[in-house]
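A short worksheet on the structure shown next.
There are 2 protein chains.
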Amino acid sequence: MSPQKSNLKFAVLATDVALFSLQEGKLKVLLIKAKSKKFLGMPTLPGGLVGPKEKIEKAAERFIKRYTDPKGVYFEQLYTFGDPQRDPGGRVVSVAYLGLVPSAKIADISAESSWVSARMVPSLAYDHNAIVEAALERLRGKLSYTNIIQALFPEEFSLTELQEGYENILGRKLDKRNFRKRILSLGIVKKTEKQRKGEPNRPARIFRFVDNKIKVIEVL
Amino acid sequence: MSPQKSNLKFAVLATDVALFSLQEGKLKVLLIKAKSKKFLGMPTLPGGLVGPKEKIEKAAERFIKRYTDPKGVYFEQLYTFGDPQRDPGGRVVSVAYLGLVPSAKIADISAESSWVSARMVPSLAYDHNAIVEAALERLRGKLSYTNIIQALFPEEFSLTELQEGYENILGRKLDKRNFRKRILSLGIVKKTEKQRKGEPNRPARIFRFVDNKIKVIEVL
DNA sequence: ACAAAAGTGTTAGTGGTACACCCATGC
DNA sequence: GCATGGGTGTACCACTAACACTTTTGT
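Order-wise, the sequence lines are chains A and B.
Its first residue numbered 1, the first sequence is counted upward by one per residue in this note's numbering.
Its first residue numbered 221, the second sequence is counted upward by one per residue in this note's numbering.
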C-alpha cells in the first residue's frame, strides 16, 4: 500500500546473504565476523543496510563483492526476517538471499572471512542460523527439479564430480549408474572430447552444461 | 545486520495479502479499493503499513480482519517486493503473504471488497498483479507435494468437490478414478457415515481430512 | 422410467531402483 | 602388474495413465 504522509512507519531495511560454494566436493558457506557491539567478533553472514534508493538485490551484491565478483553469483531471494526482536539494537527487517558461486570465482580469503562446512555451521549472530537453514532447505529442494547446481560448478567437470556435488548437498549417496543414466537422459550436459589427465587411474571424460548458466525447470 | 546509529537507512515497511478462497468450486481472490491518491478507487490487494513493533504476519492478519477472521486463515510468507520505484509515493518495501481461507469463514462482503476469479484478475494498483501471480504459482506448486488444499476446504466435503478444487486451481481436468485412488492411498482423508442428501442423483459420501488443519508434506 | 451425478477395476506402459564387472591410466 | 577410480546394462517392481459401465437417488 501507499505510504500515508500523516502516519509513516519506518523500519531499518537490511539484507543478508547465505553464500555457498562447493570446495573439493564439499558444500561451504561464507561467514564473516560481526562488527556490531552486541555480537562483536561472532561469526555472521555477510550483509548490511540497504541504501534508500538501492535495489535490495544490488545491496546483497555489494556486501559480498569483497569476497567474490557478484557477476558470477546466482542470487535468489529467500525469505524476509522481520521479527521485531530479531536485532537487539532496534527493528531491522532483513531480506535474506541465497547465493551460489563456483569455487573458482572466489576471491582471496581475507582474515575476517572463512568458508565453513554447511553441515557444521557454528552458532551465528542474530538469527543467522535460521537463514542458513532456510537457504539449505531451498537449495536441496531446488536441486530436485531445476538445474540450479550449475551455479556451483565450473564450466568443465566430470560426471563423478557432478555426482559428488549432488551427494554432498543432499547428504546421501546416489547410485553411479542410475545417476549417469538420469543426467544424460535429461540432456542437461554434453560431453566434450577432453579428458582428465595425470591421475593414476582411467581418465575421466569432461562434460559441460548445455544451456549455459540458464536456470530451467527439470526433474532429478 | 545491526543498525548503525550514524548511518541509518529507513524504508517504509508494508505488507499485502493475496487471500484466496474456493467459492462454488472456483478459486477467487479478494480485492479491495485503493485509498491512496495515485490509485484512488483502483482494485488492490488488502494491505498496509506494519507497526513499529508489530510482527509482519500480525499486520497481514490485521489488514484482512474486516473480511474474515484471521484465526481461520492459513498464512505463508510469499515474497518481498522492494523495488525502489514500485510505489510512486516513495520507497515502500512490501512483504507479501499468501492467505487461504475456507469460504464458509468469509465475513460479510462490504461494498469496498469483492472476490474475483483468480483466472481473470483485472489490472491492479502498484505491482499487485505480480503478487497475485506469485501467489498462484506458489499455491499450484504446493498443491502437488503438500496437503495445503485443506486450508481452502470446510471440514466436510465429497471427493468430487475435492477433485473440483484441485482441477480449478491447477486449471486442468483430472481422471476421477485415478484421483480417488490417489487421495485414498495417501491416507489424508477418511470417510464418514454421512451422505449428501436432497439432490436428484446418487448421494455423495462425505469425507474429512485426517490430520486436521496440519500441513505436512505428501505427494499428489 | 428417466436424468444426473456417484462410485468402482483392469491393463499396458513407463520410469525407478538395485546390482557387479571390465577398462584405462600412472607408477 | 597392481592399485585406483572411470565407465557400462539388465531385470524387477511400482507407479502412472487410459478407459466405461453400474448404482443410487429425486422427480
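In this text, a Cβ means the ideal position worked out from N, Cα and C, and glycines have one as well.
When we look at the beta-carbon of residue i and count the other beta-carbons within 10 Å, is it buried (16 or more) or exposed?
{"i": "residue 21/A", "result": "buried"}
{"i": "residue 376/B", "result": "exposed"}
{"i": "residue 195/A", "result": "exposed"}
{"i": "residue 80/A", "result": "buried"}
{"i": "residue 145/A", "result": "exposed"}
{"i": "residue 281/B", "result": "buried"}
{"i": "residue 274/B", "result": "buried"}
{"i": "residue 235/B", "result": "buried"}
{"i": "residue 95/A", "result": "buried"}
{"i": "residue 176/A", "result": "exposed"}
{"i": "residue 201/A", "result": "exposed"}
{"i": "residue 198/A", "result": "exposed"}
{"i": "residue 48/A", "result": "buried"}
{"i": "residue 5/A", "result": "With a pLDDT of 39 at residue 5/A, under the threshold of 50, the modelled position of that residue is not reliable, and the figure given next carries that caveat. Residue 5/A should be labelled exposed."}
{"i": "residue 411/B", "result": "exposed"}
{"i": "residue 385/B", "result": "buried"}
{"i": "residue 405/B", "result": "exposed"}
{"i": "residue 113/A", "result": "buried"}
{"i": "residue 338/B", "result": "buried"}
{"i": "residue 331/B", "result": "exposed"}
Among the residues of its own chain, which have a CB less than 6 Å from the CB of residue i, if the five just before and after it don't count?
{"i": "residue 43/A", "result": "31, 122 and 124"}
{"i": "residue 266/B", "result": "237, 252, 283 and 284"}
{"i": "residue 232/B", "result": "312"}
{"i": "residue 239/B", "result": "250, 284 and 319"}
What is the DSSP secondary structure of residue i, counted as helix, strand or coil?
{"i": "residue 352/B", "result": "helix"}
{"i": "residue 8/A", "result": "With a pLDDT of 49 at residue 8/A, under the threshold of 50, the modelled position of that residue is not reliable, and no figure is offered here."}
If you drop the 5 nearest sequence neighbours on each side, which residues of the same chain put their C-beta closer than 7 Å to that of residue i?
{"i": "residue 88/A", "result": "38"}
{"i": "residue 302/B", "result": "313"}
{"i": "residue 325/B", "result": "288, 289 and 292"}
{"i": "residue 393/B", "result": "387"}
{"i": "residue 180/A", "result": "159"}
{"i": "residue 276/B", "result": "235, 270 and 315"}
{"i": "residue 40/A", "result": "34"}
Within a Cβ cutoff of 8 Å, which residues of the same chain sit near residue i, ignoring the five residues on either side of it in sequence?
{"i": "residue 189/A", "result": "159, 162, 183, 207, 208, 209 and 210"}
{"i": "residue 436/B", "result": "366 and 367"}
{"i": "residue 108/A", "result": "none"}
{"i": "residue 347/B", "result": "301, 303 and 306"}
| task | Evaluate contact between the stretch 291-306 of chain B and the stretch 344-358 of chain B, counting only Cβ atoms and requiring at least three cross-stretch pairs below 8 Å. | result | yes
| query | Can you give, in chain order, each stretch of the beta strand (DSSP E) that sits fully within the stretch 13-86 of chain A and has at least 3 residues? | reply | 26-33, 47-49 and 74-81
| Completely contained alpha helix (DSSP H) runs for the stretch 315-402 of chain B, where each covers 4 or more residues | 348-363 and 379-390
| message | Closer than 8 Å is the cut-off here; do at least three beta carbon pairs connect the stretch 365-374 of chain B with the stretch 316-325 of chain B? | response | yes
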